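First the structure, in the form of structure tokens, and then the observations on it.
There are 2 protein chains.
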Amino acid sequence: MKIVVLKFGGTSVGTIEKIKRVTDIIIEHKKKKNKIIVVSSAMSGVTNDLIKKSKQISNNFSDSEYDVLVSSGEQVACSLIAGRLNHKGFKSRSWLGWQIPIFTKGPHTNSRIQKVNKNKLLRFLKEGGIPIIAGFQGVNMSERVTTIGRGGSDSSAIMIAKFFKAQRCIIYTDVEGVFTTDPNKLKKAKKIKVISYEEMLEMASLGAKVMQPVSIQDARLNRIDIEVKSSFIKKPGTLITKRTNLYNNRIITGISSTHNDAKVTLVGVKDRPGVAASIFKPLSINFINVDMVVQNISANGKETDLTFTIKAEDLNKTKKIIQENKRINFKKVLFQKGVSKISIIGVGMITTPGVTFRMFQALANKKINIQVISTSEIKISVLINKKDAKKALITLHKEFKLQK
Amino acid sequence: MKIVVLKFGGTSVGTIEKIKRVTDIIIEHKKKKNKIIVVSSAMSGVTNDLIKKSKQISNNFSDSEYDVLVSSGEQVACSLIAGRLNHKGFKSRSWLGWQIPIFTKGPHTNSRIQKVNKNKLLRFLKEGGIPIIAGFQGVNMSERVTTIGRGGSDSSAIMIAKFFKAQRCIIYTDVEGVFTTDPNKLKKAKKIKVISYEEMLEMASLGAKVMQPVSIQDARLNRIDIEVKSSFIKKPGTLITKRTNLYNNRIITGISSTHNDAKVTLVGVKDRPGVAASIFKPLSINFINVDMVVQNISANGKETDLTFTIKAEDLNKTKKIIQENKRINFKKVLFQKGVSKISIIGVGMITTPGVTFRMFQALANKKINIQVISTSEIKISVLINKKDAKKALITLHKEFKLQK
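Just so you know, the protein sequences line up as chains A and B, in that order.
What the first sequence shows, in my numbering, is residues 4 to 407, in sequence order.
What the second sequence shows, in my numbering, is residues 4 to 407, in sequence order.
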């Protein structure tokens with residue numbers, strides 16, 4: 004049995020008109036003789052409205068009741084989709100987490116899907132039915148409603164694809180796919196046809212707008228091909244697949260960039276175990292997200308310099324924490340606003356020598372100064388002055404021929 | 004274990020502020036050392052909004068999906084109430100129909116509660132918990148979500164009171180209780196302290212605003228005392244109970260009135276079996292609600308006159324049906340707009356002779372002409388000219404000392 008999982012995000016089912024359009028997409032797939040499983044998010048805005056209500060009730064709203072509350076949003080969307088398919092003459096019904104059941108483990112508001120019971124759904128599929136599954140929700144061993152944390156309905160779709168050994172999971176959303184870089188920042192950005200899970204994960208700053216990293220990781224671990232495409236425009240999207248499925252010989256797949264960061268350098272930090280932790284623990288507790296971290300080897304074996312980046316708006320809070328925390332030991336601290344991180348990503352760089360050099364040379368030719376460098380297997384990131392960010396993006400996009 | 008069921012209607016939980024107030028009421032009851040079971044409707048407006056969505060999706064929206072859709076409203080209200088109780092330090096949780104379970108039979112959108120499983124709820128009550136049950140919903144033998152038709156959450160509350168052998172079921176709503184007559188029509192109307200199920204049923208036109216007749220009937224059959232009271236004003240409400248609990252010696256409990264009806268008289272109808280059915284069937288099919296029906300004995304044994312009342316706005320439709328339907332056999336038809344029905348209701352009239360006479364004399368004294376009379380064991384209804392309705396109401400309210 005060939006199974007395709009279709010997942011629709013909140014904006015795709017945001018209005019009655021959009022739900023009608025989504026139903027047409029489902030019918031198109033159904034006519035291709037595939038078995039279709041649909042997973043839907045709540046209509047956009049609904050979940051936020053419910054969360055707002057919970058905050059008005061209590062600034063410390065019960066986690067288990069939060070799950071009952073917000074899971075109602077997906078219930079509404081699914082019944083409307085199934086009702087529309089019925090109206091069009093198709094056998095369809097909504098399936099809530101507890102009806103399947105989708106068993107989860109872990110705490111309320113942040114559970115993980117452990118098992119998807121297949122029996123009832125398989126019977127329904129064999130009868131020619133189109134199940135519309137409420138995303139984001141499940142049920143735990145105590146028969147309480149749960150919601151799955153980060154990734155939400157995307158994770159539901161991927162776990163269902165895994166348990167049903169689906170051919171493909173198509174994520175319908177409000178963007179056309181994954182681009183070589185943010186199209187809002189660079190008009191020449193091109194939609195990527197095929198990308199590996201690993202590249203997608205490294206392009207988090209682009210990818211997060213399309214899918215949560217945790218869902219990409221779930222797909223990677225379970226080897227599920229994902230297609231991300233628009234529910235509004237009829238065009239092929241981006242296929243996210245395993246590395247070995249990438250046949251083209253491109254070196255770089257995409258460029259991600261941040262445009263307003265701040266850099267913090269601690270000079271003369273004692274070079275001994277536990278020092279890094281003593282710096283990042285108070286930041287983490289205060290919800291300050293640390294991005295790049297670079298520490299060079301200690302020249303004298305006693306002291307080293309440590310640089311990290313944060314969002315520009317977190318700079319004042321970070322200054323206060325570092326200056327007031329006596330446990331952090333250093334000689335001098337330097338703060339700099341107005342820096343940008345530019346990263347080139349591509350599995351091709353593993354087998355292609357000289358990528359680093361080409362990147363640095365291209366930037367040097369444009370007189371763009373590199374402040375900090377950090378690399379992974381398939382990503383090279385540099386920290387540059389914010390005013391050079393746009394120029395760097397254009398330069399690298401051209402250098403690695405991404406517009407083609 | 005002394006159990007009290009508290010039911011809150013849509014207006015009582017219509018906003019976050021009102022939900023907070025409702026929680027205070029629950030806590031007051033809890034402090035009286037009773038075991039409390041709460042049943043809640045959806046926040047007012049929510050159900051209508053969901054129904055509107057279903058109609059936009061299809062003019063023939065699937066019944067089973069309708070139940071999934073609209074039952075989400077009660078889910079939201081219950082989680083917010085439970086969350087608020089948790090915030091106030093009380094052990095509480097929401098219970099959805101399928102979690103208890105509340106088993107229903109009958110068709111979707113109009114199921115009836117068959118069984119309420121007590122085990123889990125009893126355990127929760129024994130642990131000191133306050134269960135907040137989603138009204139209006141249940142689950143059928145196929146594990147599909149169902150909703151119960153007429154009566155809605157009131158019926159849920161009464162059936163739960165029945166299965167748990169509750170001492171009392173308190174219906175919190177937006178009115179203070181049941182009045183001797185509509186307070187909007189007569190300022191002197193008084194709140195009734197105690198009323199029998201039968202009187203409440205006969206006062207349908209008043210009672211329907213407070214509770215659906217089907218719920219009153221359920222309470223009557225299961226001998227459950229109901230108290231109807233306001234969730235906004237701290238005052239005793241109206242107790243609806245069995246006839247033998249009424250100790251006072253009043254004759255009449257209340258007066259109901261309709262203010263804009265039309266009267267239809269068929270003159271010279273053949274006096275043979277099936278005639279009445281042939282008249283009312285086409286009206287019923289066309290959703291015309293027939294209220295009073297009076298047929299006198301046939302003087303010559305062959306023909307009779309038949310009078311019935313309908314809502315004034317249905318008159319034109321009714322005229323058309325009667326005049327075009329060849330199966331209805333009569334000599335002449337008379338239509339009259341602008342009539343009102345005034346009914347006096349009271350179990351006391353069974354044991355008190357002369358009530359009919361007193362009613363007719365009081366109206367005659369005010370020169371109010373009675374057109375049609377119809378009586379039941381505990382109700383006397385008369386049809387009068389619409390312009391006399393207000394005067395009749397004042398006269399009868401005074402005659403039977405209801406203002407005291």
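Glycine included, C-beta positions come from ideal geometry on N, C-alpha and C.
This one's a predicted model, so the numbers in the text were calculated from it and none came from an experiment.
3-residue-minimum beta strand (DSSP E) runs that sit fully inside the region 250 to 297 of chain B, ordered along the chain: 257 to 273
What is the DSSP secondary structure of B/Gln59, counted as helix, strand or coil? In the second sequence, residue 59 of chain B corresponds to position 56, counting from 1. Helix.
Anticipated Cβ contact below 8 Å, B/Tyr175 with B/Phe11, distance rounded: What you label residue 175 of chain B is simply residue 172 of the second sequence in a count that begins at 1. What you label residue 11 of chain B is simply residue 8 of the second sequence in a count that begins at 1. Yes, they are in contact, since the Cβ atoms of B/Tyr175 and B/Phe11 sit about 5 Å apart, within 8 Å.
Taking 8 Å as the threshold (C-beta atoms), are B/Lys232 and B/Glu179 in contact? Locating residue 179 of chain B in the second sequence gives position 176, where the first residue counts as 1. Locating residue 232 of chain B in the second sequence gives position 229, where the first residue counts as 1. Yes, Cβ-Cβ distance for B/Glu179 and B/Lys232 is below 8 Å.
Residues that B/Pro134 bridges to, as DSSP identifies them: Working through the second sequence from its first residue, we reach residue 134 of chain B at position 131. Partner(s): B/Arg96.
Unbroken stretches of the beta strand (DSSP E), 3 residues or longer, contained in the region 134 to 179 of chain B: 140 to 142, 148 to 150 and 171 to 176
Please list, in chain order, the residues of the region 15 to 32 of chain A that have any C-beta partner in chain B closer than 8 Å. Taken in chain order, the members of the region 15 to 32 of chain A whose beta-carbon sits within less than 8 Å of a beta-carbon on chain B are Ile19, Ile22 and Lys23.
How would you list, in chain order, the residues of chain A whose beta-carbon sits under 8 Å from the beta-carbon of B/Leu124? To locate residue 124 of chain B, count along the second sequence from 1; it is residue 121. Here the premise fails: no neighbours, minimum Cβ distance about 13 Å.
For a minimum of 3 consecutive residues, which ranges assigned as the beta strand (DSSP E) are wholly contained in the region 16 to 86 of chain B? 38 to 43
Which of the three DSSP states is assigned to A/Phe235 in this structure? Position 232 of the first sequence, counting from 1, holds the residue named residue 235 of chain A. Three-state DSSP puts A/Phe235 in coil, outside helix and strand.
According to DSSP, simplified to helix, strand and coil, what is B/Gly341? Mapped onto the second sequence, residue 341 of chain B falls at position 338. Strand at B/Gly341.
How far does the alpha helix (DSSP H) with A/Val217 in it extend, from its first residue to its last? Your numbering for residue 217 of chain A matches position 214 in the first sequence. Here the alpha helix (DSSP H) through A/Val217 covers Pro216 to Leu224.
Can you list, in chain order, the residues of its chain whose CB lies under 6 Å from that of A/Met206, leaving out five sequence neighbours each side? Locating residue 206 of chain A in the first sequence gives position 203, where the first residue counts as 1. Once the five neighbours on either side are set aside, the close Cβ partners of A/Met206 are Gly257, Ser259 and Ile348.
Would you verify that the beta carbon of B/Ile151 is, or is not, closer than 8 Å to some beta carbon of chain A? Position 148 of the second sequence, counting from 1, holds the residue named residue 151 of chain B. Not closer than 8 Å to any Cβ of chain A, the Cβ of B/Ile151 fails to qualify, so no.
Note down the Cα distance separating B/Asp308 from B/Ser281, rounded to an integer number of angstroms. The residue given as residue 308 of chain B occupies position 305 in the second sequence. The residue given as residue 281 of chain B occupies position 278 in the second sequence. If I take the Cα positions, the gap works out to 15 Å.
In chain A, what lies closer than 9 Å to B/Gln102 by C-beta? Indexing the second sequence from 1 puts residue 102 of chain B at position 99. Going along chain A in sequence order, the residues near B/Gln102 (Cβ under 9 Å) are Trp101, Glu146, Arg147 and Val148.
Report all residues from its chain with a CB closer than 7 Å to the CB of B/Ile381; omit the five preceding and five following residues, and keep chain order. Counting from 1 along the second sequence, the entry for residue 381 of chain B is found at position 378. Cβ neighbours of B/Ile381 beyond the five flanking positions: Glu201, Glu202, Glu205, Ile348, Gly349, Val350, Met352 and Ile353.
Would B/Glu327 count as contacting chain A if we go by Cβ distances under 8 Å? Position 324 of the second sequence, counting from 1, holds the residue named residue 327 of chain B. No, its Cβ sits nowhere closer than 8 Å to a Cβ of chain A.
How many angstroms separate the CA atom of A/Ala3 from the CA atom of A/Val296? Any property of residue 3 of chain A remains undetermined from this structure, which presents chain A solely from 4 to 407.
Rounded separation between A/Thr321 and A/Leu286 - CA only: Against the first sequence, residue 321 of chain A aligns to sequence position 318. Against the first sequence, residue 286 of chain A aligns to sequence position 283. Cα to Cα, A/Thr321 sits roughly 7 Å from A/Leu286.
What first and last residue would you give for the alpha helix (DSSP H) that runs through A/Phe363? The residue given as residue 363 of chain A occupies position 360 in the first sequence. Unbroken alpha helix (DSSP H) run through A/Phe363: Val358 to Asn368.
For chain B, is any of its Cβ atoms less than 8 Å away from the one on A/Ile197? Indexing the first sequence from 1 puts residue 197 of chain A at position 194. In the sequence as presented, Ile is not what sits at residue 197 of chain A; that position holds Val. At a cut-off of 8 Å between C-beta atoms, A/Val197 does not count as an interface residue with respect to chain B.
Integer-rounded CB distance, given that B/Ile219 should sit under 8 Å from B/Ile135: In the second sequence, residue 135 of chain B corresponds to position 132, counting from 1. In the second sequence, residue 219 of chain B corresponds to position 216, counting from 1. Contact doesn't hold; Cβ gap of about 24 Å is too wide.
On the premise that A/Asn332 lies in contact with A/Lys273, defined as a C-beta separation below 8 Å, what is that separation, rounded to the nearest angstrom? As a first step, residue 273 of chain A is located in the first sequence; it is residue number 270 there, counting from the start. As a first step, residue 332 of chain A is located in the first sequence; it is residue number 329 there, counting from the start. Their Cβ separation, rounded to whole angstroms, is 5 Å, which keeps A/Lys273 and A/Asn332 in contact under 8 Å.
Thinking just about the alpha-carbon of each residue, which of B/Gly132, B/Gln117, B/Ala192 and B/Glu77 is nearest to the one in B/Ser47? Residue mapping note: residue 47 of chain B aligns to position 44 of the second sequence, counting from 1. For the residues B/Gly132, B/Gln117, B/Ala192 and B/Glu77, the minimum Cα distance to B/Ser47 belongs to B/Glu77.
With 16 other CB atoms within 10 Å as the buried threshold, where does B/Gln326 fall? Within the second sequence, the letter at position 323 stands for residue 326 of chain B. It counts as exposed.
Name, please, each residue of chain B whose Cβ falls closer than 7 Å to the Cβ of A/Gly86. The sequence position of residue 86 of chain A within the first sequence is 83, counting from 1. Correct list: Ser57, Ile60, Ser61, Phe64, Ser65 and Glu68.
Is B/Met362 buried or exposed, if buried means 16 or more other CB atoms sit within 10 Å of its CB? In the second sequence, residue 362 of chain B corresponds to position 359, counting from 1. The residue in question, B/Met362, is buried, as its Cβ has 16 or more Cβ neighbours within 10 Å.
Express the C-alpha separation of B/Asp157 and A/Asp221 in angstroms, rounding to a whole number. Locating residue 221 of chain A in the first sequence gives position 218, where the first residue counts as 1. Locating residue 157 of chain B in the second sequence gives position 154, where the first residue counts as 1. Just so you know, the alpha carbons of A/Asp221 and B/Asp157 end up roughly 46 Å apart.
Is it true that the region 63 to 73 of chain A meets the region 142 to 157 of chain A, where meeting means three or more beta-carbon pairs spaced less than 8 Å apart? yes
Write down the C-beta distance between B/Ile22 and B/Arg87 rounded to the nearest angstrom, noting that I regard them as a contact closer than 8 Å. One-based indexing of the second sequence puts residue 22 of chain B at position 19. One-based indexing of the second sequence puts residue 87 of chain B at position 84. Contact holds; Cβ gap of about 6 Å.
Where does B/Asp317 fall in DSSP's three states? Here the question's residue 317 of chain B lines up with position 314 in the second sequence. In this structure, B/Asp317 counts as helix in the three-state DSSP scheme.
Is there contact here, the region 13 to 31 of chain A with the region 111 to 123 of chain A, by at least three beta-carbon pairs under 8 Å? Output reads no: the region 111 to 123 of chain A does not touch the region 13 to 31 of chain A.
To the nearest whole angstrom, what separates the beta carbons of A/Ile345 and A/Asp317, a pair I think is in contact under 8 Å? Taking the first residue of the first sequence as 1, we reach residue 345 of chain A at position 342. Taking the first residue of the first sequence as 1, we reach residue 317 of chain A at position 314. Between A/Asp317 and A/Ile345 the Cβ distance is about 20 Å, and since that is not below 8 Å, they are no contact.
Please list the terminal residues of the continuous beta strand (DSSP E) segment that includes A/Ile383. Here residue 383 of chain A is taken as the residue at index 380 of the first sequence, counted from 1. Counting along the chain, the beta strand (DSSP E) containing A/Ile383 begins and ends at Lys382 to Asn388.
How long is the line joining the alpha carbons of A/Lys108 and B/Gly240, rounded to whole angstroms? The residue given as residue 108 of chain A occupies position 105 in the first sequence. The residue given as residue 240 of chain B occupies position 237 in the second sequence. Between A/Lys108 and B/Gly240, the C-alpha separation is close to 47 Å.
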